[in-house]
Amino acid sequence: MRMRFLGSTSEAGACPTLYETDRGTIVVQGLQVTDAEALADLRDVLDGETAVEVPRELITEIARRVLLDGPATAFPTSGGTPSATS
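Position one of the sequence shown corresponds to residue 11 (our numbering), numbered consecutively onward.
Right, here's the structure in full:
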């Protein structure tokens, strides 16, 4: 899998950061949520999954940019269904 940087609200490339993959998915880099009460609110967490916290303004900025500029796709669409293992 290859990724392309989409944006961040952090300085010096730290997290949280969003990336677009060549599989048509988005990868979130961020601090892992460790608060027990917050984790208890998650549903159906599978082995290998975790939760990261992302500021609302990062998501809205990337969405606005994609909507104004068209798809941010740097990769051809794979047409396949992404999996967590490939």
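All residues carry an ideal CB built from backbone N, CA and C; glycine is no exception.
Local Cβ density within 10 Å of Thr35, reported as buried at 16 or more and exposed below that:
Around the Cβ of Thr35, a 10 Å sphere holds fewer than 16 other Cβ atoms; the residue is exposed.
Buried or exposed, going by whether 16 or more other CB atoms sit within 10 Å of the CB of Gly58?
That one is exposed.
Mapping DSSP to helix, strand and coil, what is Arg33?
DSSP, reduced to helix, strand and coil, places Arg33 outside both helices and strands of the structure shown, so it counts as coil.
Taking the alpha-carbon positions, what's the Ile69 to Val55 distance?
Taking C-alpha positions only, Ile69 is separated from Val55 by approximately 22 Å.
Rounded straight-line distance, which links the Cα of Leu28 to that of Ala61
Take the alpha-carbon of Ala61 and the one of Leu28: they are about 14 Å apart.
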